[in-house]
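**Q**
Numbering (my numbering), first residue to last: 7 to 294.
1) Counting pairs of beta carbons, one from the region 158-166 and one from the region 96-106, are three or more of them closer than 8 Å?
2) Could you have a look at residue 207 and say whether DSSP puts it in helix, strand or coil?
3) Leaving out five residues before and five after residue 121 in sequence, what residues of the same chain have Cβ atoms less than 7 Å from its Cβ?
4) In three-state terms, what does DSSP make of residue 148?
5) Can you tell me whether residue 64 is buried or exposed? The criterion is at least 16 other CB atoms within 10 Å of its CB, across all chains shown.
6) Would you mind reading off the limits of the alpha helix (DSSP H) that contains residue 301?
7) Does the distance from the C-beta atom of residue 36 to that of residue 86 stay below 8 Å?
8) Determine whether the beta carbon atoms of residue 233 and residue 171 lie at a separation below 8 Å.
9) Let me check understanding here. Comparing Cα to Cα, which of 139, 187, 93 and 118 lies closest to residue 62?
10) Using 8 Å for Cβ pairs, my map puts residue 98 next to residue 283. What's the rounded Cβ distance?
11) Please go through the region 66-112 and give each complete alpha helix (DSSP H) segment of 4 or more residues, from N-terminal end onward.
12) Using the beta-carbon count (16 or more within 10 Å), is residue 93 buried or exposed?
13) Run the CB neighbour count on residue 185, radius 10 Å, all protein chains shown included, and call it buried at 16 or more, exposed below.
14) Between which two residues does the alpha helix (DSSP H) harbouring residue 56 extend?
15) Among 82, 69, 58 and 22, which has the Cα closest to the Cα of residue 191?
16) From the DSSP output, in three-state form, read off residue 271 for me.
17) Would you say residue 165 and residue 110 are within 8 Å of each other, going by their C-beta atoms?
18) Around the C-beta of residue 140, are 16 or more other C-beta atoms found within 10 angstroms, so that it is buried, or is it exposed?
19) Beta-carbon separation of residue 215 and residue 24 under 8 Å?
20) Going straight from the alpha carbon of residue 211 to that of residue 89, what length do you get?
21) By the 10 Å Cβ neighbour count, where 16 or more other Cβ atoms means buried, how is residue 243 classified, buried or exposed?
22) So, under 8 Å CB-CB, residue 18 and residue 229 are touching, yes? Tell me the CB distance rounded to an integer number of Å.
23) Whose C-beta lies closer than 6 Å to the C-beta of residue 287 among residues of the same chain, with five residues either side of it excluded?
24) Taking residue 49 as the reference, which of 252, 271, 265 and 226 has the closest Cα?
25) Spatial neighbours of residue 31 within its chain, please: CB distance less than 7 Å, with the 5 preceding and 5 following residues excluded, ordered by chain position.
26) Could you check how far apart the C-beta atoms of residue 28 and residue 222 are, in whole angstroms? I think they sit under 8 Å.
27) By Cβ distance below 8 Å, which residues in the same chain neighbour residue 265 in space, the five residues on each side in sequence not counted?
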């Protein structure tokens, strides 16, 4: 059963990007992020209730609170950039760039956490980097003008802040049950996302969100929550060395569904890049 939960985690994680893309065709990405965060927050606290870690919140130190809040802010920026990238670019291009946060996370871990770098992990980083580069293709030229590439900037920023989330979360999670830490960070993201909506005076646009897109945005949040629940259950009952790689390969689910739903096709070069990313990810697991 735990293997099924691990597959469920990857499936829901892959569906998150697809559902998010469907929910931001006409809806502003900042508003979509704010709405989605509400759903994710509910799931986060559901997990806290399941494991019964809520009472330990009073024992969290001031230092840990600071790092959890910083991690939450980094998560918020990452999500905002990710939604904006999905709104402007194809799923099969945005997701690989976002997943490349693994590379920066390793480098930051070496610098700030003093974690060792084995030759296997080094090769894995190179493979993921090359694979990501191969999947970043030039935009098609239409009427003599090249289409906007701003999706790439937002996708890169998403990856950078996702890496910072991991490092800050690693420091801040010391002495805190992981699900409780996630719930606290998500609360920070919620405040940040809605504050941004009101600062930019976009709250009036909430009424204009199409009902079908609102449904997709909520489903995206549910998919994220479902992925977290399945991931936790799989780790609780199964082997981490098997669960982690299955979850990381959610990139395959995202790209497969993007081909089926949005008809986004991979070129031969991009397919090779995807293969390198998959191999690099598996090598990362072997190096643990």
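From the three backbone atoms N, C-alpha and C, an ideal C-beta is built for every residue, glycine too.
**A** To lay it out plainly:
1) yes
2) Note: residue 207 maps to coil in three-state DSSP.
3) 115
4) At residue 148 the pLDDT is 43, less than 50, meaning the model places this residue with poor confidence; the figure from the coordinates comes in the next sentence. Strand, per DSSP.
5) exposed
6) Since the first residue of the chain shown is 7 and the last is 294, residue 301 is not available in this structure.
7) yes
8) no
9) 187
10) Not a contact, Cβ separation roughly 12 Å.
11) 68-94 and 97-105
12) buried
13) Residue 185 should be labelled buried.
14) 35-57
15) 82
16) coil
17) yes
18) buried
19) no
20) 17 Å
21) exposed
22) 5 Å
23) Answer for residue 287: 254, listed in chain order.
24) 226
25) 219
26) 4 Å
27) 98, 271 and 272
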